[in-house]
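Numbering (the numbering used here), first residue to last: 278 to 418.
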């Protein structure tokens, strides 16, 4: 008996404008696009999603009190090396990482999820170096 194997040769590029879009809604849309859940032949154990380019990461919206209440923590590895910063500080310093952190948390954990991370390209401003790939614009509702 033959099993159906989806074709994995189609790799589309899409551009998303993050200006004024809530972070969570943007991250769920991007994560589902990277995973390939929008495709009719979606297979959980194959990477067949799109490459996503995010523009205007510095203008992403955080609702409620999240600008000051949301805290990102990391540990340096040294004693007493717990570093914290609020979402407001993170957006000022490195706005790309805020979107990357939200999207990476929604991707699968493990080898496959780490391979999917490379499909996300985030830029703080309007320009990106991926014009040769002819990305299509994706509207966020």
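Where a beta carbon is used, it is the ideal one built from N, C-alpha and C, also for glycine.
Computed from a predicted structure; not experimentally measured.
Bridge partner(s) assigned by DSSP for residue i
| i | result |
| --- | --- |
| residue 294 | 332 |
| residue 338 | 299 |
| residue 414 | 292 |
| residue 351 | 360 |
| residue 399 | 331 |
For residue j and residue i, the rounded distance between their alpha carbons
| i | j | result |
| --- | --- | --- |
| residue 311 | residue 369 | 26 Å |
| residue 315 | residue 386 | 20 Å |
| residue 301 | residue 409 | 29 Å |
| residue 356 | residue 321 | 40 Å |
| residue 366 | residue 358 | 18 Å |
| residue 339 | residue 349 | 14 Å |
| residue 407 | residue 297 | 23 Å |
| residue 290 | residue 306 | 14 Å |
| residue 403 | residue 413 | 15 Å |
| residue 227 | residue 287 | With the chain covering only 278 through 418, there is no way to say anything about residue 227. |
| residue 346 | residue 390 | 28 Å |
| residue 309 | residue 374 | 18 Å |
| residue 353 | residue 333 | 29 Å |
| residue 362 | residue 415 | 31 Å |
Within 8 Å, strictly: CB atoms of residue i and residue j
| i | j | result |
| --- | --- | --- |
| residue 400 | residue 293 | no |
| residue 417 | residue 376 | no |
| residue 295 | residue 383 | no |
| residue 324 | residue 379 | no |
| residue 313 | residue 326 | yes |
Rounded Cβ spacing between residue i and residue j (contact assumed at less than 8 Å)
| i | j | result |
| --- | --- | --- |
| residue 405 | residue 411 | The pair is not a contact, with the Cβ atoms about 12 Å apart (cut-off 8 Å). |
| residue 351 | residue 360 | 5 Å |
| residue 328 | residue 388 | Not quite, the Cβ-Cβ distance comes to about 19 Å (not below 8 Å), so this is no contact. |
| residue 299 | residue 335 | Contact flag wrong, Cβ pair sits at about 15 Å. |
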